[in-house]
Structures are given as C-alpha cells and as structure tokens.
Amino acid sequence: MNKFVWIAIIIALIAPAIFFILLYNSLSPMLQEEIPENVVVGKRLWQSKGCVECHTLFGNGGYNAPDLTKTVEMRGKDYLEKFFAKPPMMRPHKQRKHPGLIEKEAADLIAFLAFVNEVPIIGWPPEHAKSKADNNSNGAEK
Amino acid sequence: MRFESQKAAYKYFIFTLVLLVLQVLFGLITAAQFIWPDFMAQTMPFNIGRAIHINTMVFWLLFGLMGATYYLVPDETDSELYSTKLADFQFWLLAVTGVVAVIGYVFGWTEGREYIEAPRLLDWLIVVGVLAFLYNIGITIIKSKKWNSILAVLFSGLAGLAVMYLFGMKFFGSISLDQFFWWWVIHFWVEGTWELIAAAITAYLLIKLTGVQLKVITKWLYLEVTLVVLTGVLGIGHHYFWIGTPEYWLPIGGIFGLLEPLPILLMVIDTMRHVKHSPELHHNRVALLWLIGAAFTHFVGAGLMGVVQTLPSINKWTHGTQLTAAHGHLAFYGAFAMLVIAAMYYAVPNIVNRQVSSSKGIWAFWVMLISMVCMSFILFGAGITQVYLERIMGMDFNYVKTNFTNFWLLWRLVAGVAFTVGTIILVDDFLHLAIKKPAVNRRDIDAGL
Ligand code: HEM
Ligand code: HEM
Ligand SMILES: [Fe+2]
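Okay, here's the thing in structure tokens:
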C-alpha cells in the first residue's frame, strides 16, 4: 500500500512542478507592467458597479449583455462618453435605461476599457463578430 | 450516529437548504428577466439578482460540504469532535456573514467579481470562520492519530480550498493578473480542491451505503486524486487562452483539459462497481440513489460538457456564451449539489434518529435531475444558436438575444419552474424529517429505488 501511495504522489507532483515553472514565466511580465492610475480607478469602478454580472470582459462574466473587450475599438471614445452621459434605453428593456456615469467616472471607465482593448489576446473574439457587429447600433447617438 | 458531536452537522444542513431555496428563487427572477426585461428591473436589477444567485450557490455548497465533514470526521477518527462549541461559533459567524453579504448585494455593496462578490471586510470574516473550521477538524484528526486515506484527502481538499480563496481577495490593477488569479479560485476550486473533497465524501458514503472495505476504497481514492492533480493543475490552461497570457497555454489547456474527465469517469466506475458487488446494501436507498445520480451527472455535466469546450480551436467560438452556462449549471449540480444532498440524506436521518420515508426523496431526485438536465440542454441549444449567429455569422449580440436565443431561454425558465417544484419537495421532505413524526414502516423504506 505504502509504495502505491508514494508512486501516486510523485506522479501527481509532476503537474504542479511544470505549473510553477510556467507560472514564473507567465507572471513576471504581468507583474512588471505599469498600470496608469486612471485605469486602476476605472477598474475599481467596473467592479464596484457590478458591470461584470451583465457583461463579459475577455468572455468572462454574465451573458445578458455584449462583451466589452473590443468596445473602444468598435465604438470609439466619443460614442462611449455620450453613452454614459446620456444612457439610452437598455435594449430590450422598455422602461429601464442603462446605468449612467458622471463625467469623471466615465473618463476613468473608458480609460480602463481602452486599456482592456489593448491587451494582446490573439484570436479572440473571432474576426467575424468584431467586424460586423456595428451594423446594429443601439441608438445612443440619436 | 456513533458520536454525539456528529450533531454539529445538523445546523449546517438546515442552513444549506435555506440558501438553496434563496438561490433557486433568484435564479428564477434572473431567468425571467431574459424574457421580460422590465420584470422587477428597478427593485432587483439583473446584475444584483445574478450575483445573489451564484453567491448563495457557493455558500450553500460550502455549508453542505462543511456539514458533511463534521458528520464524517468523528466517524472516521473514532472520536468526538475537538470542540462542538467552536463548530457552533463558526457556523454562526459564517451564516451571519453570508446573510450580510446577500443583504449587501441588494444595496450594491459588492467586490464585483463573479462567484467571489463578498467585499473585503466580509472576506476576512470568512477567513476567520474557515480557519476555525480547519482548526477544529485538524485537531480532531491529529488527536485521534488516525490518518486514513479519506481523512487525508478530505483535509488536503479543505485546506487547499481555503488557500485558493486568499488569491481571490486581492485587488489587482491589471486586468490580466485579475483574471489569472480569479481562475485560481474558480478552477482550482471546482477542478482541484472541491474535487478532492467530493472524492473523499463519495468514498465515505460508499463505505457506509454499500459496506465496501476501506482498504478497497483507498486504492481507488488515491488513483482518483492522482489523476485530479495531474490533469486539473495544468488544466487551468483552458482559462488562460484569451486573457493576455503567453500562447503556450493553448496546447497545455487543450491537452490537459481533454484528460480532465478521466478522474471523474473513475469515480463513476468506482461507485457502480461497489454498488453492484455490494455485500449488503444499506436500507437507506434514497441516499444511495442521490449518490449514484451525483456520480453520473458529475461526469456528464462537468466531464463531457466541459471537455467539449476545452480545445482552443473550439473554445475560440464557444467561450463566454450560453454554452458556458450550460456546463456551469449541470457541473455544479452534478458534482457538488447532488453529493451534498446525498450526504444530507445519509446523515440527517441518523442525526434526528428517524427513518427517511423514501417516496419524497425519490420524487425530488427525479424532478430536480430531469429539470436540471433539461435546463442544461436547453442552454446548450441556446449556446449553439448564439455561437452560430453571433460568432460565425457576425450578427449583433442584442439582436441574436432578443430574436433567437430567447426562444430557448423561455424554456429554460420553464425548466427552472420545474426545478423549483423539485426543490420544494426536497425541502418539505427534510422538514418532515426534522419536525414531524416519521412513518416508520419498513415497506415504505424498502420501496425505494
Ligand atoms: C430554478 C433554477 C435555476 C434557474 C432559473 C437559474 C437561472 C440562472 C440564470 C438566469 C443565470 C445567469 C446566466 C447568465 O448570465 O446569462 C444563472 C447563472 C448560474 N447558475 Fe443558475 N439557475 C437555476 C439553478 C441553478 C442551480 C441549481 C445551480 C447549481 C447548483 C446553478 C448554478 C449557476 C451558475 C454556476 C451560474 C453562472 C454560470 C456562468 O457564469 O457560466 N443555477 N442561473
Ligand atoms: C468538476 C466540476 C466542474 C464545475 C463545477 C465547473 C464549472 C464551471 C463554470 C461555472 C464555468 C464558467 C465560469 C465562468 O463563469 O466563466 C466553467 C468553465 C469551463 N469549464 Fe468547467 N467545471 C467543472 C469541470 C470541468 C471539467 C472536468 C472540464 C473539462 C475539461 C471543464 C472545462 C471548462 C471549460 C473549458 C470552461 C470555459 C468555458 C468558456 O470558455 O466559456 N470544466 N466551468
Ligand atoms: Fe476549468
């Protein structure tokens, strides 16, 4: 029995060993990265307002609203400023508008989303969605 | 029940049921909001209802697993619990923290990260509660000098669970770091530490319900644990595809993800072997039914529905869609919810010293299982629709949601209502067990299965 346990433990430990090597390699660039102050403020806002329970970022979050990873690229900052200042009806709601933000908050949040937009993720979201999604505007400009 | 202190589990199980009811209620509200967006939209916005739905789930599963542990440990160590007072204190601390957290979400007090929404202050209270729990269990085991395989695996799982939680408490300015460590909590919980806890509790229940020897179970248990660690640790790569981490995670997450169903399949084989070749099946057939169901649903929901999304070439299309929710529901339900309920069906009759009447437990089993399987397959259909129209055709998210996926999501709501009926039967059964005089009638009991 004892021999069995030791063999099991040694085999099992191979995976964590590899993991720690990769961990070091993956983390060191991330830890050195400087994050601008307003991006951090924007991220705190993103969290405290609970945006992630409706939206996804990098595909993680709630599935009730569009992914926002590439929103800055798709919509542009002006559009987003207007969107938060005068939030439109939250489609498909008939009575409830999208949560709004005051000017300073909106600036920080857009800085955060712009930062997210620049994170190098190769291959996601798939090309098609990105290029064609703006066919269907939500009317924030009107 | 061999030891008085096993009663410590009772409170945990009751609170488990309370939170289950809350979870289901908020699941219904959020599911209804997909169909009627303005339903309670001012009083209980979707984001708050969803946070409560998934947070009460984490809480009730943890309470259930802690209750099962408090019941199991005296039995396996042949000793009383180190301190029942500590167990009670720890219960109240965590229960109050949980209630405060839920009330807090209603008023928008949240840390804003899925599953670990509890704000920092409450995090610390949870840490204190969990440390008290680990201390209580640890001292009991050490004093008894009985480290058998079940206790060893259970305790490593619980300790690992606590350590992983710590990584979810820190605020990260970098979104990539945030996601990197967020997955340490989520993935290393469900595909690592909780999996160890589940394997240990399954082993314990198998011994109790089928009469199989610890010696036999031990071999299976170690094999399962080896495979869980071997596949689950590097399997985290399937969450590192698209968060700004190096590209070598793509093959790693794909390959080790593909292997992840193996330990789960082993648990199914293990369970079925011992049930089939059982020297004497325990008369508590309801608990056995839930245990067998848990093994199979665990494999389908976690193993199969997870593995189909784990290759980067597929995950690229399916990532973060209703397909994810399909997997999330059946996996959590099969791997942990059903196991907790099996443990409750085994332990609670012994604690209150009454026999379980089989019919309601069996009804609850089938109603809840069938409706959850339906819900998950409906979400699967919704996911395929969404992937095709939104990701492949490039249609707008909202357009697809309102015109296509909502067709499926209406049926998800229907399945949810059926699930709620099952939950009511379940809770009613336990209420009867706890309060009313039982029908102690052998025929009733043997009619099971
Ligand atoms: C009445 C039954 C239920 C209904 C109507 C329901 C409904 C929902 C809804 C609407 C969401 C939000 C999904 C989204 O963001 O689009 C959700 C999320 C979730 N629910 Fe449920 N639910 C129910 C029961 C359960 C049960 C029993 C469990 C597990 C034991 C569970 C686990 C989850 C999980 C893990 C998520 C997050 C999924 C993810 O982010 O991928 N739910 N549920
Ligand atoms: C053991 C029980 C398991 C549970 C409770 C579970 C639960 C979950 C949940 C809730 C999510 C969604 C997380 C989110 O909100 O974003 C998820 C994602 C995922 N799970 Fe599991 N899981 C389990 C096992 C597995 C297994 C065995 C595999 C097989 C490889 C797997 C593969 C995946 C993948 C690939 C994703 C990412 C889906 C996406 O890209 O959107 N899971 N899991
Ligand atoms: Fe995972």
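Protein chains in written order, with my numbering: chain A, 681 to 822; chain B, 207 to 655.
Here a beta-carbon is modelled for each residue, glycine too, at the ideal position from N, C-alpha and C.
Worksheet item: At which residues does the alpha helix (DSSP H) containing residue 706(A) begin and terminate?
Response: On the first sequence, position 26 is the one that residue 706(A) refers to. It spans 682–712 - the alpha helix (DSSP H) in which residue 706(A) sits, taken as one unbroken run.
Discussion item. Would you say residue 618(B) lies against chain A (beta-carbon separation less than 8 angstroms)?
Written reply: Taking the second sequence and counting its residues from 1, the one referred to as residue 618(B) is at position 412. Chain A, which has no Cβ nearer than 8 angstroms to the Cβ of residue 618(B), makes this no.
Practice prompt. Under 7 angstroms between beta-carbons, which chain A residues line up against residue 286(B)? List them in chain order, please.
Written response: Working through the second sequence from its first residue, we reach residue 286(B) at position 80. Within chain A, no residue comes near residue 286(B); the closest Cβ sits about 28 angstroms away, beyond 7 angstroms.
Fill in: Run of the alpha helix (DSSP H) containing residue 753(A), from where it starts to where it stops
Taking the first residue of the first sequence as 1, we reach residue 753(A) at position 73. First-last of the alpha helix (DSSP H) with residue 753(A): 751–755.
Worksheet item: When you compare only the Cα positions, how much space is there between residue 223(B) and residue 552(B)?
Response: Here residue 223(B) corresponds to residue number 17 of the second sequence, with the count starting at 1. Here residue 552(B) corresponds to residue number 346 of the second sequence, with the count starting at 1. If I take the Cα positions, the gap works out to 15 angstroms.
Practice prompt. Just jot down, in chain order, the residues whose CB lies closer than 6 angstroms to any heavy atom of ligand 4.
Written response: As for ligand 4, it is missing from this structure, which binds only ligand 1, ligand 2 and ligand 3.
Discussion item. Buried or exposed for residue 697(A), going by 16 or more other Cβ atoms inside 10 Å?
Written reply: Working through the first sequence from its first residue, we reach residue 697(A) at position 17. Exposed is the call here.
Worksheet item: Mind checking residue 369(B): buried by the 16 CB within 10 Å criterion, or exposed?
Response: Working through the second sequence from its first residue, we reach residue 369(B) at position 163. With fewer than 16 other Cβ atoms within 10 Å, it is exposed.
Fill in: For residue 741(A), three-class secondary structure by DSSP
In the first sequence, the residue the question calls residue 741(A) occupies position 61. If DSSP states are grouped into helix, strand and coil, residue 741(A) belongs with the strands.
Fill in: Proximal residues of chain A, C-beta to C-beta of residue 240(B) below 8 angstroms
Residue 240(B) sits at position 34 when you count from the first residue of the second sequence. Per Cβ cutoff of 8 angstroms: 744.
Worksheet item: Smallest Cα separation from residue 282(B): which of 547(B), 211(B), 335(B) and 300(B)?
Response: Sequence index remark: in the second sequence, residue 282(B) carries index 76 (1-based). With distances taken between Cα atoms, residue 282(B) lies closest to 211(B).
Worksheet item: Using a beta-carbon distance below 8 angstroms, is residue 522(B) in contact with chain A?
Response: Translated into the one-based positions of the second sequence, residue 522(B) becomes position 316. For residue 522(B), the answer is yes, since a Cβ of chain A falls inside 8 angstroms of its Cβ.
Worksheet item: Is residue 554(B) near ligand 2, going by C-beta to nearest heavy atom under 7 angstroms?
Response: Start at 1 with the first residue of the second sequence, and residue 554(B) comes out as number 348. Answer for residue 554(B): no, Cβ out of range of ligand 2.
Practice prompt. Taking the CB atoms as reference points, tell me whether residue 209(B) and residue 280(B) lie closer together than 8 angstroms.
Written response: Numbered from 1 along the second sequence, position 3 holds the residue referred to as residue 209(B). Numbered from 1 along the second sequence, position 74 holds the residue referred to as residue 280(B). Cβ distance < 8 angstroms, so residue 209(B) and residue 280(B) count as in contact.
Worksheet item: ligand 3 heavy atoms versus the CB of residue 504(B): any closer than 7 angstroms?
Response: The residue you call residue 504(B) lines up with position 298 of the second sequence. False, no ligand heavy atom lies under 7 angstroms from that Cβ.
Item to complete: Could you name the residues of the same chain whose beta carbon sits closer than 6 angstroms to that of residue 722(A), not counting the 5 residues immediately before and after it, in chain order?
Response: Taking the first sequence and counting its residues from 1, the one referred to as residue 722(A) is at position 42. Contacts found: 788, 789, 791 and 792.
Worksheet item: Taking C-alpha atoms, which residue in 438(B), 595(B), 409(B) and 314(B) lies nearest to residue 548(B)?
Response: As a working note, residue 548(B) is residue 342 in the second sequence. Minimum Cα distance to residue 548(B) is reached at 409(B).
Worksheet entry | Distance cut-off 7 angstroms: residue 405(B) Cβ against heavy atoms of ligand 2 | Start at 1 with the first residue of the second sequence, and residue 405(B) comes out as number 199. Because no heavy atom of ligand 2 lies under 7 angstroms away, the Cβ of residue 405(B) does not count as near it: no.
Fill in: Check: residue 441(B) C-beta below 7 angstroms from any heavy atom of ligand 3
The count along the second sequence starts at 1 and reaches residue 441(B) at position 235. The answer is yes for residue 441(B).
Worksheet item: Who are the neighbours of residue 696(A) on chain B, taking C-beta pairs under 9 angstroms?
Response: Counted from its first residue, the first sequence places residue 696(A) at position 16. What residue 696(A) touches in chain B: 435, 439 and 440.
Item to complete: Check the Cβ-Cβ distances between residue 764(A) and every residue of chain B, and say whether any is below 8 angstroms.
Response: The residue labelled residue 764(A) in the question sits at position 84 within the first sequence. Answer no: the Cβ-Cβ gap between residue 764(A) and chain B never drops below 8 angstroms.
Practice prompt. Please look up how many angstroms separate the CB atoms of residue 467(B) and residue 505(B), rounded, as I've assumed it's under 8 angstroms.
Written response: Taking the second sequence and counting its residues from 1, one reaches residue 467(B) at position 261. Taking the second sequence and counting its residues from 1, one reaches residue 505(B) at position 299. Residue 505(B) and residue 467(B) do touch by the CB rule: their CB atoms are close to 7 angstroms apart, below 8 angstroms.
Worksheet item: Is there contact here, the region 429–446 of chain B with the region 378–395 of chain B, by at least three beta-carbon pairs under 8 angstroms?
Response: yes
Discussion item. Would you say the beta carbon of residue 397(B) is closer than 7 angstroms to some non-hydrogen atom of ligand 3?
Written reply: Within the second sequence, numbered from 1, the residue matching residue 397(B) stands at position 191. At least one heavy atom of ligand 3 is nearer than 7 angstroms to the Cβ of residue 397(B), so yes.
Item to complete: Just confirm the distance between the C-beta atoms of residue 581(B) and residue 629(B), as a whole number of angstroms; I'd bet it's less than 8 angstroms.
Response: In the second sequence, the residue the question calls residue 581(B) occupies position 375. In the second sequence, the residue the question calls residue 629(B) occupies position 423. Incorrect: roughly 13 angstroms between the Cβ atoms, too far for contact.
Fill in: Top-ranked residue by Cα proximity to residue 732(B), from 309(B), 612(B), 417(B) and 446(B)
A question about residue 732(B) goes unanswered here, because the residues of chain B that appear run from 207 up to 655.
Worksheet item: Taking the alpha-carbon positions, what's the residue 328(B) to residue 301(B) distance?
Response: Reading the second sequence from its first residue, position 122 is the one you call residue 328(B). Reading the second sequence from its first residue, position 95 is the one you call residue 301(B). Taking the straight line from one Cα to the other gives about 11 angstroms.
Fill in: Segment contact, 8 angstroms Cβ cut-off, at least three pairs: the region 771–788 of chain A with the region 246–254 of chain B
The region 771–788 of chain A, when compared against the region 246–254 of chain B, does touch it at the 8 angstroms Cβ threshold.
Worksheet item: Given that residue 773(A) touches chain B, what residues does it touch there, using C-beta distances under 8 angstroms?
Response: On the first sequence, position 93 is the one that residue 773(A) refers to. Within chain B, the residues near residue 773(A) are 243, 244 and 247.
Worksheet item: How about residue 751(A): is its C-beta nearer than 8 angstroms to some C-beta of chain B?
Response: Reading the first sequence from its first residue, position 71 is the one you call residue 751(A). Cβ-Cβ to chain B under 8 angstroms: no for residue 751(A).
Practice prompt. Flag residue 784(A) as yes if its beta-carbon sits less than 8 angstroms from any beta-carbon of chain B, otherwise no.
Written response: As a working note, residue 784(A) is residue 104 in the first sequence. No, no contact with chain B.
Item to complete: Could you tell me which chain A residues have their CB closer than 8 angstroms to the CB of residue 380(B), listed as they occur along the chain?
Response: Taking the first residue of the second sequence as 1, we reach residue 380(B) at position 174. Under the 8 angstroms cutoff, chain A gives 710, 713 and 715.
Worksheet item: Along the chain, where does the alpha helix (DSSP H) that runs through residue 316(B) open and close?
Response: Counted from its first residue, the second sequence places residue 316(B) at position 110. According to the DSSP assignment, residue 316(B) belongs to no alpha helix (DSSP H), since it is labelled neither H nor E.
Worksheet item: For residue 736(A), which of helix, strand or coil comes out of DSSP?
Response: Your numbering for residue 736(A) matches position 56 in the first sequence. Residue state, collapsed to three classes: strand.
Practice prompt. Would you kindly work out how many angstroms separate the C-alpha atoms of residue 733(A) and residue 487(B), rounded to a whole number?
Written response: For this step, residue 733(A) is matched to residue 53 along the first sequence. For this step, residue 487(B) is matched to residue 281 along the second sequence. Rounded to whole angstroms, residue 733(A) to residue 487(B) spans 45 angstroms at the Cα level.
Discussion item. So residue 749(A) and residue 796(A) are supposed to be a Cβ contact under 8 angstroms. How far apart are they, rounded?
Written reply: Translated into positions along the first sequence, residue 749(A) becomes position 69. Translated into positions along the first sequence, residue 796(A) becomes position 116. With a Cβ gap of about 6 angstroms, residue 749(A) and residue 796(A) count as contacting.
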